[in-house]
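Report on one structure; see the data block that follows.
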Amino acid sequence: MKKSISVIAIGVTASVGMIYWTWRKSQQMIAVSPNISTEQSQRILERAAPLLRLPTSPEQPPEVLADNAGLRCPVTGRVYPYHDGVLHLLDEVQPKTVTQRTLDTPFTAWVYDRFRETLTRALNSPDFAVEVAEAQRKLQVQSGDVLLDLACGQGNFTVEWAKCAGAEGLVIGLDYSLAMLARATHHINRWGLENVLLIHGDANALPFSDAALHKVNCSGGFHQFPDLPRALSEIARVSAPGAAFATSTFAEGADDPRTDLKHWFKRAFALHFVPLVELGEQLTALGYVDYTWSLPGGGWFGYASACKK
Ligand SMILES: C[S@@+](CC[C@H](N)C(=O)[O-])C[C@H]1O[C@@H](n2cnc3c(N)ncnc32)[C@H](O)[C@@H]1O
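27 is the number of the first residue of the sequence shown in the working numbering; add one for each residue after it.
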């Protein structure tokens, strides 16, 4: 009897401790460090506004409100607010898939941010530094570039592109998860990067004018998109002629020996394994050339790139 009471007491104490630790972590996670001034954020909004299109006025650029308040639709007068380092452009959030929900809490976003490298190693995928170097080989991000980091998540690639694009450049990180964007804000502030705009948005309806962007990167996003063909046509629409595109995603190669298992993951968890041969055909149909793909070690994670004609 005494033994079971002790076991229960230890269990309760450990659970309370875990809950407290998780709560403390999530509080730290959403704290935004104040390294970027209000004037700098306002400058970024003004710099980005001509390229942006609001859901309620797809034909005209938005008006920029004073004091970092956000953007106003020139047609309806509706305000799209900017707060906590994020421009909020989602009109309505569609029901999220299982995989989208997984990264949509402060705690899971922190875990992903903290342990991404461990996860990629477990999957036998290259280290982050190698991934960045490989993507940079394809994108050639340089000073002055206007780049979209689609599904930017915790902003790991966004930070790297912002360093390459320099003060003249503009890097836009767009994601569907506010929890992941809070992580991205934290990192952008930590690095003091003044050329980044973070947007709460959806890959299915990119808030940019046609041909607005020089480069698009999408790392780790495609396998979560419920409607990849629609996202691809949006990427093509907003990319300028000559715009480079690079992606990494859970993927399926030609004659992939793991096809059955990969299809099961899609049915069970809405985790898509993007068929890389088909992806090339889709991109070609959308006006891309020079398509390349690889699935290192015949594994789980693949890489692809192309260039808009
Ligand atoms: C695995 S994380 C990748 C984060 C980061 N790019 C990386 O490589 O580590 C996938 C991200 O895709 C985002 N995502 C999923 N569906 C999306 C959509 N429809 N539009 C924009 N982002 C989306 C998720 O919120 C999540 O942050």
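Built from N, CA and C at the ideal position, the CB exists for glycine as well.
Does DSSP classify Pro322 as helix, strand or coil?
-> helix
If we call anything under 7 angstroms between Cβ atoms a contact, is Pro87 one with Ala95?
-> no
Rounded to a whole number of angstroms, what is the C-alpha to C-alpha distance between Asp171 and Ala294?
-> Straight-line Cα distance between these residues: approximately 39 angstroms.
In terms of residues, what are the limits of the beta strand (DSSP E) holding Arg98?
-> Taken as a continuous stretch (DSSP letters only), the beta strand (DSSP E) holding Arg98 covers Gly96 to Arg98.
Are the beta-carbon atoms belonging to His226 and Val112 less than 7 angstroms from one another?
-> yes
For Glu89, which three-state DSSP category applies?
-> Of the three classes helix, strand and coil, the one that applies to Glu89 here is strand, per DSSP.
Residue nearest to Gly325 in terms of C-alpha spacing, selected from Pro255, Leu287, Thr134 and Val315 | Leu287
Quick one: what does DSSP say Lys334 is sitting in, helix, strand or coil?
-> strand
When burial is assigned at 16 or more other CB atoms within 10 Å of the CB, is Arg79 buried or exposed?
-> buried
Specify, as a first and last residue, the run of the alpha helix (DSSP H) that Ser245 falls within.
-> Here Ser245 belongs to no alpha helix (DSSP H); instead the beta strand (DSSP E) covers Leu239 to Ser245.
Minimum length 3: unbroken beta strand (DSSP E) runs contained in the stretch 118 to 198 = 172 to 176
Examine ligand 1 and report whether any of its heavy atoms sits within less than 6 angstroms of the Cβ of Ala177.
-> Ligand 1 approaches Ala177 closely enough that one of its heavy atoms is under 6 angstroms from the residue's Cβ.
Exposed or buried, what is His240 when buried is set at 16 or more other beta-carbons lying within 10 Å of its beta-carbon?
-> buried
Compare the C-alpha of Phe327 against each of Cys99, Leu129, Gly268 and Thr273 and name the closest.
-> Thr273
Consult DSSP for Leu71 and reduce its assignment to one of helix, strand or coil.
-> Judged by DSSP in its simplified three-state form, Leu71 adopts helix.
Going by DSSP, name the residue or residues bridged to Phe327.
-> Phe276
Residue span of the alpha helix (DSSP H) that contains Leu77, given as start and end = No alpha helix (DSSP H) contains Leu77, which DSSP labels as neither H nor E.
If Met229 and Ala135 are in contact, beta carbons under 8 angstroms, what's the gap, nearest whole angstrom?
-> A small fix is needed here, since residue 229 is Ala in this sequence, not Met. Their Cβ separation, rounded to whole angstroms, is 18 angstroms, which puts Ala229 and Ala135 out of contact at 8 angstroms.
Answer yes or no: the CB of Gln166 versus the heavy atoms of ligand 1, is any distance below 6 angstroms?
-> Exclusion of Gln166 from the 6 angstroms shell around ligand 1 follows from its C-beta lying no nearer than that to any non-hydrogen atom of the ligand.
Examine ligand 1 and report whether any of its heavy atoms sits within less than 6 angstroms of the Cβ of Phe299.
-> no
Go ahead and pull the three-state DSSP assignment for Asp255.
-> The residue asked about is misnamed: residue 255 is Pro in this sequence, not Asp. In this structure, Pro255 counts as helix in the three-state DSSP scheme.
Please report the Cβ distance between Leu173 and Val167, rounded to the nearest whole angstrom; I am assuming they are in contact, meaning their Cβ atoms lie under 8 angstroms.
-> 6 angstroms
Near ligand 1: Asn243 beta-carbon under 6 angstroms from a heavy atom = Checking the Cβ of Asn243 against ligand 1 gives no.
Between the C-alpha atoms of Pro252 and Ser63, what's the straight-line distance to the nearest angstrom?
-> Taken atom to atom, the span from the alpha-carbon of Pro252 to that of Ser63 is near 37 angstroms.
Since I believe Val242 is in contact with Ile261 (beta carbons under 8 angstroms), could you give me their beta-carbon distance rounded to a whole number of angstroms?
-> 5 angstroms
Helix, strand or coil at His226 according to DSSP, with G and I counted as helix | strand
Checking contacts by CB at 7 angstroms: is Phe248 closer than that to chain C?
-> The structure shown contains no chain C, having only a single protein chain.
Residues near Asp130 by beta carbon distance below 6 angstroms, same chain, minus five either side = Ser203 and Ala205
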